[in-house]
Every structure is written in structure tokens, then in C-alpha cells.
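Residue numbers (my numbering): 211 to 429.
Please read the structure below before turning to the comments.
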Amino acid sequence: MMIQPGFGPAGAFSSTQQQTKAGASDFHSRFMARAAASQQSSAGDPLESKKSEILSKFPGLTEEKLEDLIKQYDIERMDEEALYELAQQMMAEGVVPNRPQENGLNMIAVYPKALYDAFLNGETFMNKGVVREGFHSCFTVNPASGSLDYQYPKYGLKNLEYNLWMTQNSGQSFNAYYTEEERSMQLQLTESKTSFWELAKLLSAYRQQAGRGALGIRS
């Protein structure tokens, strides 16, 4: 029942009604204060905030699935093959978008047939390409010679970022050669890789923030 003030002249309520109204008002105040305190407590918990961020960005995840992922997978220690398998799992569960498929297999790259045919016919030469830019995490200093070594990262987020960078660059380089179908597949592949990379970043940050002890992870 909702009490609406302003009905009838002043003093129309009995003393009993006034006590009831006052009691309801006190209860409402206590309820609102408790709710505000609860919200403030949740907002002040960085782990809960990170969990909420992940679940809101990836609706295909449940809280239970998220906790299992955090406990089972240490993103930064996973190599390329392990990361690919986890991406396959996330696609199968509808957490990240699927990659395009060809002959029942998930594609890892989209190479234009027109460019491949031109290469076979001698109309263009792949070895004439010039590398104008390198992925930032591929350059390391050789401590013995002091020179730069170029090796692609094989583990964790840097591997995923490198893989995504290569996909984006190939899409730009081959754009003029794509058919509409190939361009659509390239965009789908980029979207899938981008989504998984963003998920992996959030999972890694959540795990590091929580710490192994808080997650019940044994060494």
C-alpha cells in the first residue's frame, strides 16, 4: 500500500495513522541506508568490479564458468597452441564470435585467391615486399652483441597481440585483392581474434588481482 500525502485537510490523519506513517518512513530510511552501504561496499571491491566488467562484456560467461577459467588457465604461461585451444573452447561455448570456416576447419588466415593465382602466374612477386614496421614486442636486445634480435612472442598476451596485429596488417595489405566473400571472412576472423584477446586480457588481470591464494590455486 502506498500512502499519498495531500489528500484531505491538515490533521485528517489519526494518531495511529501518523505512527504507522512514521514507522514506515523509519523503515524506508533504514532500508535505503543499508542498500547504499551495500552498493558502496561492492563498488569499493576491485575484484567484484573486475568480475562485473568481464560478465557484462561477455554475456556468454556465467559467474561459475568465469571462476573455473580463472583457476584453470594462467594466460601469461600459455603457449600459442594452448591459447588456440582455449579460443576454440570459448567459441564453442558462445563466449567469443566464431572464426570463419572452410571445409569444416576454422580458418587462421584469409589469403586472397586472386593474389595467390597472380603469384603462381609470375604476375607479382612476394619477395618484393618491404617491411616498414615491426611489432613492438618482437624486438629484443641481444646481450652478447648488443644488437637487436627479432623474434615473435610465443606466450601469453603478447602472442595474442602479435597474432592479431599480423591479421590486421594482412587485411590492410591484401584488401584490394579480396572478393567480397573473402573480405567478409577476414572481418569475421579479425573480430573473433580481437574478442578473444580482450577476454584474455581481462582474465589475466583478474587472476593477478585476486592472487593465487584467494583463488584456491595450489602451486
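Heads up, the beta-carbon is just placed ideally off N, CA and C, and yes, glycines get one too.
Self-check item: Segments of 3+ residues assigned as beta strand (DSSP E) that fall wholly inside the region 299-367
Solution: 349-351, 358-360
Exercise. For the alpha helix (DSSP H) that contains residue 280, what are its first and last residues?
Worked result: 273-282
Cβ-based neighbour list, residue 405, same chain, cut-off 7 Å, excluding 5 preceding and 5 following
306, 307
Quick check: the region 373-389 against the region 351-359, are at least 3 beta-carbon pairs closer than 8 Å? no
Taking C-alpha atoms, which residue in 321, 372, 298 lies nearest to residue 349? 372
Would you call the CB atoms of residue 260 and residue 416 closer than 8 Å?
-> yes
**Q.** Identified DSSP bridge partners for residue 289
**A.** 365
Whose C-beta lies closer than 7 Å to the C-beta of residue 299 among residues of the same chain, with five residues either side of it excluded?
none
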